[in-house]
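Okay, so here's the structure we're looking at.
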Amino acid sequence: MLYLHTNKSHSILIEMDTTKSSVPKDVVIRFSGDSGDGMQLTGTLFSDTSALMGNDISTFPDYPAEIRAPQGTVAGVSGFQVHFGSCRIENPGDYCDVLVAMNPAALKANRKWLKKGATVIIDGDSITEEHIKRAGFATDAPIKELGLEEYNVVVPDITTMTRQALAGFNLDNKSVVKCKNMFALGICFFMFERPEDHAKVYLTSKFAKKNPEIAKANITAMEAGYNYAANTHQFANTYIPPAKLEKGLYRSINGNVATAWGFCAASEKSGRPLFCGSYPITPATVILEELAKRKDLGVKTVQAEDEIAGICTSIGAAFAGDLAVTTTSGPGLSLKSEALGLAVMAELPLVLVDVQRGGPSTGLPTKTEQSDLQQALYGRNGECPLVVIAASTPSDCFHYAFTAAKIAMEHMTPVILLTDGFIANGSEPWRIPSMSDYPAIVPPIVDEAPEGGFMPYARNERLARGWAFPGKAGLEHRVGGLEKHSLYGSISHDPANHQLMVRTRAAKVAKVVEDVPPQEIYGDNEGDLLVVGWGGTRGHLHNAVEQMREEGHSVSLAHFNYINPLPANTADVFKGFKRIVVCELNEGQFAGYLRQHFREFEFEQFNKCEGQPFTVVELKEKFNDLLK
Amino acid sequence: MAEYKYTPADFKSDQEVRWCPGCGDHAILNAVQRALPEVADALDIPHNKFTFISGIGCSSRFIYYMKTFGFHTIHGRANAVATGVKVANPDLSVWVMTGDGDSLAIGGNHFIHAIRRNVNLNVVLFNNEIYGLTKGQYSPTSKLGKITKTSPYGTVEKPFNPGELVIGAKGTFFARSVDMEVMLTKECLVEGAKHEGMSVTEVLQNCVIFNDKTHAMFAGDKATRAEHTITLRHGEKMLFGANRDKGLVFENKKLKVVTVGQDGYTLDDVLTHDAHEQDTTLHVMLAAMKYPDYPVALGVIRSVADPTVYDRRVAEQVEEVRAASKIKCMDDLLRSGETWRIE
Numbered sequence: 215m216l217y218l219h220t221n222k223s224h225s226i227l228i229e230m231d232t233t234k235s236s237v238p239k240d241v242v243i244r245f246s247g248d249s250g251d252g253m254q255l256t257g258t259l260f261s262d263t264s265a266l267m268g269n270d271i272s273t274f275p276d277y278p279a280e281i282r283a284p285q286g287t288v289a290g291v292s293g294f295q296v297h298f299g300s301c302r303i304e305n306p307g308d309y310c311d312v313l314v315a316m317n318p319a320a321l322k323a324n325r326k327w328l329k330k331g332a333t334v335i336i337d338g339d340s341i342t343e344e345h346i347k348r349a350g351f352a353t354d355a356p357i358k359e360l361g362l363e364e365y366n367v368v369v370p371d372i373t374t375m376t377r378q379a380l381a382g383f384n385l386d387n388k389s390v391v392k393c394k395n396m397f398a399l400g401i402c403f404f405m406f407e408r409p410e411d412h413a414k415v416y417l418t419s420k421f422a423k424k425n426p427e428i429a430k431a432n433i434t435a436m437e438a439g440y441n442y443a444a445n446t447h448q449f450a451n452t453y454i455p456p457a458k459l460e461k462g463l464y465r466s467i468n469g470n471v472a473t474a475w476g477f478c479a480a481s482e483k484s485g486r487p488l489f490c491g492s493y494p495i496t497p498a499t500v501i502l503e504e505l506a507k508r509k510d511l512g513v514k515t516v517q518a519e520d521e522i523a524g525i526c527t528s529i530g531a532a533f534a535g536d537l538a539v540t541t542t543s544g545p546g547l548s549l550k551s552e553a554l555g556l557a558v559m560a561e562l563p564l565v566l567v568d569v570q571r572g573g574p575s576t577g578l579p580t581k582t583e584q585s586d587l588q589q590a591l592y593g594r595n596g597e598c599p600l601v602v603i604a605a606s607t608p609s610d611c612f613h614y615a616f617t618a619a620k621i622a623m624e625h626m627t628p629v630i631l632l633t634d635g636f637i638a639n640g641s642e643p644w645r646i647p648s649m650s651d652y653p654a655i656v657p658p659i660v661d662e663a664p665e666g667g668f669m670p671y672a673r674n675e676r677l678a679r680g681w682a683f684p685g686k687a688g689l690e691h692r693v694g695g696l697e698k699h700s701l702y703g704s705i706s707h708d709p710a711n712h713q714l715m716v717r718t719r720a721a722k723v724a725k726v727v728e729d730v731p732p733q734e735i736y737g738d739n740e741g742d743l744l745v746v747g748w749g750g751t752r753g754h755l756h757n758a759v760e761q762m763r764e765e766g767h768s769v770s771l772a773h774f775n776y777i778n779p780l781p782a783n784t785a786d787v788f789k790g791f792k793r794i795v796v797c798e799l800n801e802g803q804f805a806g807y808l809r810q811h812f813r814e815f816e817f818e819q820f821n822k823c824e825g826q827p828f829t830v831v832e833l834k835e836k837f838n839d840l841l842k
Numbered sequence: 071m072a073e074y075k076y077t078p079a080d081f082k083s084d085q086e087v088r089w090c091p092g093c094g095d096h097a098i099l100n101a102v103q104r105a106l107p108e109v110a111d112a113l114d115i116p117h118n119k120f121t122f123i124s125g126i127g128c129s130s131r132f133i134y135y136m137k138t139f140g141f142h143t144i145h146g147r148a149n150a151v152a153t154g155v156k157v158a159n160p161d162l163s164v165w166v167m168t169g170d171g172d173s174l175a176i177g178g179n180h181f182i183h184a185i186r187r188n189v190n191l192n193v194v195l196f197n198n199e200i201y202g203l204t205k206g207q208y209s210p211t212s213k214l215g216k217i218t219k220t221s222p223y224g225t226v227e228k229p230f231n232p233g234e235l236v237i238g239a240k241g242t243f244f245a246r247s248v249d250m251e252v253m254l255t256k257e258c259l260v261e262g263a264k265h266e267g268m269s270v271t272e273v274l275q276n277c278v279i280f281n282d283k284t285h286a287m288f289a290g291d292k293a294t295r296a297e298h299t300i301t302l303r304h305g306e307k308m309l310f311g312a313n314r315d316k317g318l319v320f321e322n323k324k325l326k327v328v329t330v331g332q333d334g335y336t337l338d339d340v341l342t343h344d345a346h347e348q349d350t351t352l353h354v355m356l357a358a359m360k361y362p363d364y365p366v367a368l369g370v371i372r373s374v375a376d377p378t379v380y381d382r383r384v385a386e387q388v389e390e391v392r393a394a395s396k397i398k399c400m401d402d403l404l405r406s407g408e409t410w411r412i413e
């Protein structure tokens with residue numbers, strides 16, 4: 215079908231298929247605009263609405279480090295990608311079916327993420343000489359310049375129509391124009407037959423106190439966008455039915471909130487109050503913000519004066535008997551290194567969450583990477599082993615935060631939990647668990663001195679020392695960063711004692727393997743190629759391997775969550791394959807770690823440090839190359 | 071008033087005290103072990119609730135010599151660790167043993183922020199104006215021009231006066247003593263423990279090896295101390311001298327040393343110490359007094375009530391929110407907000 219769309223300055227022919235004959239199983243929409251255009255909210259409202267309709271979803275906010283980057287520039291473009299479908303959705307999608315661009319810069323920045331033949335909706339009012347210049351186009355015809363002739367480009371005058379829709383409102387021009395994102399949302403709601411109810415409820419409550427008029431204006435703009443799309447017959451209208459998800463009660467959750475809640479759950483299951491000492495840092499801050507809200511569950515938070523105080527207050531709280539956690543991102547992990555050593559030496563339970571971002575130094579604060587792995591494993595002075603585990607999806611951050619806390623308390627050791635900016639900010643539907651399904655956590659708390667007196671460094675079968683916190687009568691003892699006598703905890707510089715303690719601390723961490731589930735393989739236990747990954751890349755790797763298998767290739771996936779110690783069957787997992795490729799968003803840190811432990815295998819690498827997740831397309835290309 | 075009837079011996083650990091012979095730290099240990107029985111009775115704190123936290127430095131070895139819960143942490147971080155201990159369990163009596171290097175250099179940030187938050191800690195700041203454990207480098211309290219191993223031609227940086235720093239950081243309690251004045255140190259420590267909020271007691275301490283006699287000009291012996299220091303007590307006249315005939319008056323916006331009965335000054339002209347005054351002006355002036363122009367102020371210089379005690383407010387806020395919230399457990403939280411069911 216052909217539609218003619220005209221506005222004052224642009225006339226283009228567009229072609230769209232509005233028949234419902236080929237209903238896609240899944241759709242990717244990317245909302246994109248200036249960092250002040252409200253794209254994160256627009257995307258969130260769309261994805262939450264889709265989740266409420268029973269679709270499976272995965273989202274990916276991609277935003278600049280600046281709060282309000284220079285308007286109209288490519289550097290200032292903020293994006294929010296929603297992948298939703300009637301099938302299982304494992305990642306936010308590589309390329310988008312629909313791009314909503316609020317200005318030429320957004321169009322330019324996202325050109326490379328368009329699926330062939332994708333629909334592009336760009337605000338016609340934004341295609342001005344000034345915007346085109348700011349976005350760095352060479353010509354005055356951005357659509358032509360980007361070679362979008364083969365795409366379904368729709369150019370509604372969103373700003374003008376928003377203004378018209380809000381003509382009766384008693385609002386200043388700025389407030390009116392700000393509602394244009396809701397007009398765009400209305401268009402998308404029509405295109406995919408989404409109800410507006412959820413967004414209305416949300417907007418009403420969001421602006422209820424500030425200015426109810428703004429809530430009404432946003433809702434009116436959204437309705438206007440919806441009606442415009444419905445009336446003009448310019449837009450395909452597709453319904454994506456609900457996914458066949460496991461029965462149960464669901465909610466949408468992002469990785470940072472899931473992490474915070476996992477700790478709350480561990481607190482409940484252990485009976486130890488939760489304490490979080492932390493310092494704000496992108497992209498980890500939301501964990502502290504969420505825990506600060508959770509005073510209703512007795513959580514104590516200290517927003518410390520710096521990263522070091524963040525971990526040190528937590529170490530103090532651990533000494534005093536709380537479940538202590540501290541949250542940070544790469545540069546903060548560097549600052550916390552010395553104190554982590556103290557927690558190792560004092561053998562106190564502590565969970566440090568590192569929400570990894572692009573590094574080194576300040577690096578790419580809002581972009582994702584997996585390049586803190588070796589720092590987590592080794593970045594401390596002395597022989598200083600601790601447990602390292604990694605979450606792999608937004609919702610399993612809950613499980614791994616819970617598990618990290620359980621291991622820390624039951625084994626009396628610091629644990630580093632690695633997540634990353636991608637899963638921390640991404641969200642997905644989550645079948646709500648029942649706390650009765652989670653195991654009890656039983657730390658080795660000492661309540662009274664045994665016969666012969668309490669020895670602070672006496673150990674149980676896990677090699678964990680007793681947790682005897684201040685206030686318990688008869689258990690007064692001293693701990694600290696100096697090497698300790700293997701039983702009494704007094705200072706010891708005895709050579710044999712130091713050797714014993716170094717090996718005992720290592721053996722204690724190694725013993726955690728007894729609580730680590732065997733490594734699973736997705737696919738067959740033997741074959742031509744084993745794809746190995748860890749942490750937040752699972753959605754992309756699993757999806758790529760699944761597609762390769764559907765295409766008849768002998769490919770399997772081993773995706774690791776337990777890094778130190780590795781699962782006991784790790785070598786057996788590697789045995790069955792002709793080639794092994796380790797895929798990670800760094801230059802080969804896990805591959806190097808595996809080589810160190812398993813010299814009998816050859817590990818090939820696929821690495822990327824672009825601040826972006828893998829794409830399924832590039833992964834499949836690599837796997838196909840390896841299979842040639 | 072409880073009656074635990076502890077003695078100093080109840081707080082002595084079995085560890086051999088390894089400070090140098092003649093080190094001022096021995097006297098401070100003595101004062102602390104004498105103070106705790108009084109604190110226990112005055113505040114109803116049983117033995118098992120005393121918790122000592124230290125950083126790194128000679129002073130920080132202190133905790134091994136106390137038969138209490140103790141945590142010898144890392145350089146500069148004692149105040150941060152202690153903040154965590156106190157917030158986790160406000161029932162504990164938490165003491166921080168720290169030095170001029172530990173709390174005023176590497177740990178300066180934690181020190182001022184713990185003061186600003188008014189965490190209910192009892193900080194004992196050992197000030198010997200030198201790095202002792204690393205064998206004699208200048209510290210943030212070393213006098214300008216001080217020759218040390220790292221300043222062979224004299225320092226070119228001015229020192230902190232800990233009292234000014236504490237009061238400037240919104241400190242609610244500051245006291246000062248001298249290592250040899252064990253009973254005065256004990257008195258300051260007991261007052262500091264009774265104070266709700268952070269108390270900092272600076273003890274001018276002699277490092278016999280690397281900075282011997284640094285405080286000797288005004289604190290060397292009893293006679294010198296009587297003439298060149300003034301022990302302040304709330305509600306008492308600011309008098310000093312062997313015959314208690316010298317006093318402090320306020321004149322031309324400055325403190326001035328006068329002799330009562332001379333130049334027309336009478337006892338009425340001498341200031342009366344008000345440690346509870348919220349206004350910091352006079353307290354800063356008193357804390358800043360330097361020998362030889364003034365006597366060095368000892369005793370409790372500032373002790374003001376402030377309801378914003380951090381650890382207490384954290385606990386209270388948790389209870390307030392808990393009482394008002396519909397979310398009582400994890401299952402409530404998991405099911406709160408927007409959810410949907412798939413059949």
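Each protein sequence line maps, in turn, to chains D and R. The numbering of the first sequence is this note's numbering, which starts it at 215 and goes up by one. The numbering of the second sequence is this note's numbering, which starts it at 71 and goes up by one. Even glycine gets a Cβ: it sits at the ideal position worked out from N, Cα and C.
Within a Cβ cutoff of 6 Å, which residues of the same chain sit near T515 of chain D, ignoring the five residues on either side of it in sequence? C490, L505, A506
Alpha-carbon spacing of N441 of chain D relative to E364 of chain D, whole angstroms: 27 Å
Buried or exposed for P628 of chain D, please, with buried defined as at least 16 other CB atoms from any protein chain shown within 10 angstroms of its CB. buried
Buried or exposed: where does D651 of chain D fall if 16 or more other Cβ atoms within 10 Å of its Cβ makes it buried? Residue environment: D651 of chain D is assigned as exposed (fewer than 16 neighbouring CB atoms within 10 Å of its CB, all protein chains considered).
Going by CA-CA distance only, name the one from R:R88, R:A150, R:S124 that's closest to E521 of chain D. Of the candidates R:R88, R:A150, R:S124, the residue whose Cα lies closest to the Cα of E521 of chain D is R:A150.
Give the interface partners of Q103 of chain R over in chain D, defined as CB-CB distance under 7 Å, in chain order. Within chain D, no C-beta atom comes less than 7 Å from the C-beta of Q103 of chain R; the nearest is roughly 14 Å away.
When DSSP labels each residue in this structure, what does M268 of chain R get in the three-state scheme? coil
Counting C-beta neighbours from all protein chains within 10 Å, is the total for A286 of chain R 16 or more, i.e. buried, or is it exposed? exposed
Residue range of the unbroken alpha helix (DSSP H) whose run includes Y416 of chain D: 411-421
Helix, strand or coil, according to DSSP, for F804 of chain D in the structure here? helix
When burial is assigned at 16 or more other CB atoms within 10 Å of the CB, is Q570 of chain D buried or exposed? buried
What residues in its chain sit with their C-beta under 8 Å from that of S249 of chain D, if we drop five residues either side in the sequence? Y277, P278, E280, I281, R282, A283, G290, V291, S292
Contact criterion: CB-CB distance below 9 Å. Does S235 of chain D meet it with respect to chain R? Because S235 of chain D carries a pLDDT of 44, less than 50, the predicted location of this residue cannot be relied on, and the following value inherits that uncertainty. With 9 Å as the cut-off, S235 of chain D does not count as an interface residue toward chain R.
Name the chain D residues that come within less than 9 Å of N179 of chain R, Cβ to Cβ? E519, D520, I522, A523
Who does M253 of chain R pair with in a DSSP beta bridge? For M253 of chain R, which the question treats as bridged, DSSP gives no partner whatsoever.
Here's the rule I'm using: 16 or more other beta-carbon atoms within 10 Å means buried, otherwise exposed. How should A518 of chain D be labelled? Buried is the call here.
Could you name the residues of the region 701-712 of chain D whose beta carbon sits closer than 7 Å to any beta carbon of chain R, in the order they occur along the chain? Within the region 701-712 of chain D, the residues whose Cβ lies closer than 7 Å to some Cβ of chain R are S704, I705, listed in chain order.
Other residues of its chain near S704 of chain D: CB distance less than 8 Å, five sequence neighbours each side excluded: Cβ within range, chain order: R692, K698.
Counting contacts by CB-CB distance shorter than 9 Å, is D401 of chain R in contact with chain D? yes
Which residues in the same chain have their Cβ closer than 6 Å to the Cβ of R88 of chain R, if we skip the five residues on either side of it in sequence? none
Return no unless some Cβ of chain R is closer than 9 Å to the Cβ of A429 of chain D. no
Quick one: any contact between the region 580-588 of chain D and the region 814-829 of chain D, if contact means 3 or more CB pairs under 8 Å? yes
Considering just the uninterrupted stretch of the alpha helix (DSSP H) at Q761 of chain D, what are its terminal residues? 752-764
Near S272 of chain D, which residues of its chain fall below 6 Å by C-beta distance, leaving aside the five closest residues on each side in sequence? H297, I303, N305, P306, E642
Within 8 Å of chain R by C-beta, residues of the region 463-474 of chain D in sequence order: If the cut-off is 8 Å between Cβ atoms, the region 463-474 of chain D has L463, Y464, R465, S466 near chain R.
Where T527 of chain D meets chain R, residues with beta-carbon distance less than 8 Å: A150, V151, T153, G154, V157
Coarse secondary structure for T342 of chain R, derived from DSSP in three states: strand
Near-chain R residues of the region 264-296 of chain D - C-beta to any C-beta below 8 Å: Residues passing the 8 Å Cβ filter: A265, L266, G268.
State yes or no: is the beta carbon of D111 of chain R nearer than 9 Å to at least one beta carbon in chain D? no
How long is the line joining the alpha carbons of C277 of chain R and G262 of chain R, rounded to whole angstroms? 24 Å
Helix, strand or coil: which one does DSSP assign to A523 of chain D? helix
Give the residues from the region 487-512 of chain D that approach chain R closer than 8 Å (Cβ to any Cβ), ordered along the chain. P487, F489, G491, R508, K509, D510, L511, G512
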